[in-house]
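Participant:
Protein chains in written order, with the working numbering: chain A, 10 to 355; chain B, 10 to 355; chain C, 10 to 355.
Printed below as a string of structure tokens:
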């Protein structure tokens, strides 16, 4: 019997199986600095002495912890829902993750199936810090059919997180001197489009260092031979690079609080250059201090999109909406934003 | 109206305009480690438990903070003067920057102008940690002339920092066991030339990680498409790599304290290999413990310079002095150096 | 007289010469994070809030400190013996190194010689943290023969570290939830072979950042021009990447405690992809909590080895055993492993 793990295949999952995911990891100042160095993020909240950890660091840490048991044999990451950050994470907090199988559907080709996984990250006090549902297509080990071919179990998932579910731990708005931004919640309107202007080329070491940092061991990101010279860039990188680019135009943001859904529409490889656009989908006043913006982050590779860029177009033959081949990420999320106060610059 | 910033053009500057530069950033142990990993610096002062931050980390942090408002639309970085480090910076200090326009001169082609900017970095106690004047050529947005075409205002700048202006906070000389060096202030003479021997090839990820680390968002460093496949290496990299290489021959140095002037004589791109030479320009005894060396750091790309290498040569046709096309940096700076004591090795 | 050091040649060494190696360096959280980001190591012991530093970080730090005086003019690193970790190292400890020449043998070609060097790393309390003997082939400066041509002095070195010499500072076994592993000391048998499955491609920036991090200044790793475009990857990288890969199958390991010997059988260059196998050479029960596994770590480049891969084969002509050209590391070491307890998963 071999000692190494070949991880789980579709057949290894049952409804209700709960995985305790190795390896718990403390997050430190070094994680804040590495994140800046790898993404270029300039959000002031994660650069000050109070040690707040960027929510996307928490996301990558938790997701990386699930790879060994959930997605090492995945074919594709299909979607996210109900993703919310809970307790804020600070330097010195140690993060561990649990993942529960909540839905299973075998594909008709009997070679793979879709696993719905509810994942929760916790800090050292067992406070939840992040939770989400994710569905991934996972290889089967053998062709013999499972009960989930004829009787799939698909969980109900909310189409979006509700604004009143967003975590709003009191947090000082960065000053406009610190953010460099002159726009506040009240200045954004549904339908606004923001071109974030910058392009960022992803090099081999950039993406491998980032992916190793979060102890994500999915082979497809690291092995140039197994991937014919083109290791796949971890899908978290366009999320983080796009969010970093989106600072330009959203400078007074208070932190991503939820992801309603997202698609990794096309793959990214080393050498690709990423550009980002944001659409304002919805605005929701929360209180006198804070509002929530529902934003669509569109990350495009290898051509700078114009402000009227449409990520999806109707296929000429079928009429079906399809992603432009340059779109690598289409992310629907909630961002908190401070409200305009007397004396704020315009 | 768009929400994203397209930064400032020459027309946006007026004499006396003071910019508060985002994003303030705390410097930590992780910044010390990242700097070593990216430059190979071996100066003992920045490797001990006392948490002293390398002066060049402070420089890159402050300069990076000015990019958004001052140099995002720059054509070229033309020069530095009166650059001095003040209060030493330690792990945990948070750095913010102010930049004031002190001179403006529109170019006769009406497409750009030169902005003279006095920049000061502060710690969280509002102690200045670094100040300098820099002049950059910045694009104009439209061709309409400004008052600075006919009436340029050019500030008086000192040709060099005076030795008695150098910050000399008491600091223990590293032991020769710790530095590995056997030369002290008293061993260096004006005219000495030091070949630092080592070559360092700059790869794509090396320079982009370094530049993002200091939240320098100038597009030309990151976007391979906009730069026809050759992103420009941030000019701070030859400064830091050259200074790191200069450890070999200046091991007992106590820290760069001022920059009198500098030229980024030719561009650096990924794949270039950097070599360094130092010339001793001047020696100045400060007290019984410490002296100041005025040094010229010459960084050359893609050919190892011999000890008699001349960075500038007279053009055969015009007789005008021109930089050798291999020279990427010509930096004139003051370094403190401990003085020889009885018992020191020779 | 030049100020820069050209380091030591074979003639500069005498039996008993003791070198104090610059630059002492404090190890911090940032070193833990950088190590994870560069190797992908997932061992839980080095990810928790107690600040334990990975033994291989200590190894690279100490070895890097010896380069300037011992191996800058080395032709090849020939072997290690009697390598043991002593006091554990924690975040905040400052490491310095001493190296003593204990053997010398000039080669018959008079152009080089072998130096046997006993190296010890210490923490700030002068507790030893690592010690080993290493022998390197070092260039001579001139051809004139030394006394070590006719009278070589070769030290006695133990063929292996004894299990009872292994440092066993009490340390909690990671829980199986934290490690993800279900195998314990008692499950491993001499002759077991483990295929660690993963491949890791080494890019230019990956290896240069890693090597600079440990202030290893050997030129051959950094200068693409001097190496005809193929800088040599530091031999510590296959050690660390292989050890990180070996987590899969050895999840409950308690830390590498000794290296009995090792060969860098073939060079690694940027673009090479590394795979790893482990053979269990010996098992030794130490007490009711802990056992020691003597393991052979075989790292292979550019082809995924099968479980029956033989790193050495008899040459068809000479009958002499030779390394397969794909083998880059053959390392014989002692690992501690927790023992199976009632209730442990199977």
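Ideal placement from N, C-alpha and C gives every residue a C-beta, glycine not left out.
Compare the beta carbon distance of residue 351 of chain C and residue 185 of chain C with 8 Å and say whether it is the shorter of the two.
Facilitator: For residue 351 of chain C and residue 185 of chain C, no; Cβs fall outside 8 Å.
Participant: Following the continuous beta strand (DSSP E) through residue 103 of chain C, name the residue where it begins and the one where it ends.
Facilitator: First-last of the beta strand (DSSP E) with residue 103 of chain C: 103–115.
Participant: On the three-pair Cβ rule with 8 Å, is the segment 213–227 of chain B touching the segment 309–317 of chain B?
Facilitator: Touching, no.
Participant: Can you give me the C-alpha to C-alpha distance between residue 6 of chain B and residue 65 of chain B, rounded to a whole angstrom?
Facilitator: Past the edges of chain B, shown from 10 to 355, lies residue 6 of chain B, and the structure says nothing about it.
Participant: Over the uninterrupted alpha helix (DSSP H) stretch that includes residue 187 of chain C, give me the two end residues.
Facilitator: Residues 185–188.
Participant: Between the C-alpha atoms of residue 271 of chain C and residue 142 of chain C, what's the straight-line distance to the nearest angstrom?
Facilitator: Roughly 12 Å separates the two Cα atoms.
Participant: I want to see whether chain B comes within less than 8 Å of residue 222 of chain C, judged by CB atoms only; does it?
Facilitator: By this cut-off, residue 222 of chain C is an interface position.
Participant: List, in order along the chain, the chain A residues whose C-beta lies closer than 8 Å to that of residue 101 of chain B?
Facilitator: Neighbours of residue 101 of chain B on chain A, chain order: 58.
Participant: Answer yes or no: does any C-beta atom of chain C fall closer than 8 Å to that of residue 46 of chain B?
Facilitator: By this cut-off, residue 46 of chain B is an interface position.
Participant: Is residue 67 of chain A close to chain B? Criterion is C-beta to C-beta, closer than 8 Å.
Facilitator: No, residue 67 of chain A lies away from the interface with chain B (no Cβ there is under 8 Å from its Cβ).
Participant: Tell me the residue span of the alpha helix (DSSP H) that contains residue 335 of chain C.
Facilitator: Run containing residue 335 of chain C: none; DSSP gives neither H nor E here.
Participant: For the segment 321–338 of chain C, which residues have a CB atom closer than 7 Å to at least one CB atom of chain B, in sequence order?
Facilitator: So the list is empty, because no residue satisfies the distance condition.
Participant: Cα-Cα, which of C:343, C:212 and C:206 is closest to residue 14 of chain A?
Facilitator: Measuring from the Cα of residue 14 of chain A, the nearest candidate turns out to be C:206.
Participant: When burial is assigned at 16 or more other CB atoms within 10 Å of the CB, is residue 36 of chain C buried or exposed?
Facilitator: With 16 or more Cβ atoms within 10 Å of its Cβ, residue 36 of chain C is classed as buried.
Participant: When you compare each of C:18, C:338, C:339 and C:55 to residue 187 of chain C by their alpha carbons, which one comes out closest?
Facilitator: Nearest of C:18, C:338, C:339 and C:55 to residue 187 of chain C, Cα basis: C:55.
Participant: Report all residues from its chain with a CB closer than 7 Å to the CB of residue 363 of chain B; omit the five preceding and five following residues, and keep chain order.
Facilitator: Because chain B here runs from 10 to 355, residue 363 of chain B falls outside it and cannot be looked at.
Participant: Under 9 Å between beta-carbons, which chain C residues line up against residue 231 of chain A? List them in chain order, please.
Facilitator: Here the neighbours are 49, 207, 208, 209, 210 and 282.
Participant: Whose CA, out of B:127, B:68, B:174 and B:259, lies closest to the CA of residue 5 of chain B?
Facilitator: Residue 5 of chain B is absent from the model: chain B starts at 10 and stops at 355.
Participant: If you follow the alpha helix (DSSP H) that residue 164 of chain A is in, where does it begin and where does it stop?
Facilitator: Neither: residue 164 of chain A is in no alpha helix (DSSP H) and is coded neither H nor E.
Participant: For a contact meaning CB atoms closer than 8 Å, what does residue 277 of chain A contact in chain B?
Facilitator: Result: empty, since nearest Cβ-Cβ is about 14 Å, beyond 8 Å.
Participant: Whole alpha helix (DSSP H) runs in the segment 227–267 of chain A with 4 or more residues, listed along the chain?
Facilitator: Counting only runs of 4 or more, we get 245–254.
Participant: List the residues of chain B that residue 240 of chain C touches, going by C-beta distances under 7 Å, in chain order.
Facilitator: Within 7 Å Cβ-Cβ: 210.
Participant: Specify the secondary structure class of residue 153 of chain C as computed by DSSP and reduced to three states.
Facilitator: Reduced to three states, the DSSP call for residue 153 of chain C is coil.
Participant: List, in chain order, every chain C residue whose beta-carbon is nearer than 9 Å to that of residue 187 of chain B.
Facilitator: What residue 187 of chain B touches in chain C: 29, 31, 32, 33 and 105.
Participant: Can you tell me whether residue 17 of chain C is buried or exposed? The criterion is at least 16 other CB atoms within 10 Å of its CB, across all chains shown.
Facilitator: Burial call: buried.
Participant: Apart from the five residues on each side of it in sequence, which residues of its chain come closer than 8 Å, Cβ to Cβ, to residue 7 of chain C?
Facilitator: With chain C covering 10 to 355 only, the question about residue 7 of chain C has no answer from this structure.
Participant: Under 8 Å Cβ-Cβ, which residues of chain B neighbour residue 311 of chain A?
Facilitator: Result: 234.
Participant: Quick check: the Cα distance between residue 167 of chain B and residue 89 of chain B, rounded to an integer number of angstroms?
Facilitator: For residue 167 of chain B and residue 89 of chain B, the distance between alpha carbons rounds to 11 Å.
Participant: For residue 15 of chain A and chain B, any beta-carbon pair shorter than 8 Å?
Facilitator: Chain B, which has no Cβ nearer than 8 Å to the Cβ of residue 15 of chain A, makes this no.
Participant: Would you say residue 53 of chain A reaches chain B, if we count a Cβ-Cβ gap shorter than 8 Å as a contact?
Facilitator: Chain B contact via Cβ: present.
Participant: Taking C-beta pairs closer than 9 Å, name the residues in chain A that residue 192 of chain C reaches, listed in chain order.
Facilitator: What residue 192 of chain C touches in chain A: 12.
Participant: Classify residue 219 of chain A as helix, strand or coil using the three-state DSSP reduction.
Facilitator: The answer is helix: DSSP assigns residue 219 of chain A an H, G or I state.
Participant: Using a C-beta cutoff of 8 Å, does residue 42 of chain C count as contacting chain A?
Facilitator: So yes, residue 42 of chain C belongs to the interface.
Participant: On the three-state DSSP scale, how would you describe residue 274 of chain A?
Facilitator: Three-state result, residue 274 of chain A: coil.
Participant: What three-state label does DSSP hand residue 211 of chain B in the structure shown?
Facilitator: Residue 211 of chain B: coil per DSSP, three-state reduction.
Participant: Determine whether the Cβ of residue 39 of chain B lies closer than 8 Å to any Cβ atom of chain C.
Facilitator: Taking Cβ atoms only, chain C reaches closer than 8 Å to residue 39 of chain B, which makes this a yes.
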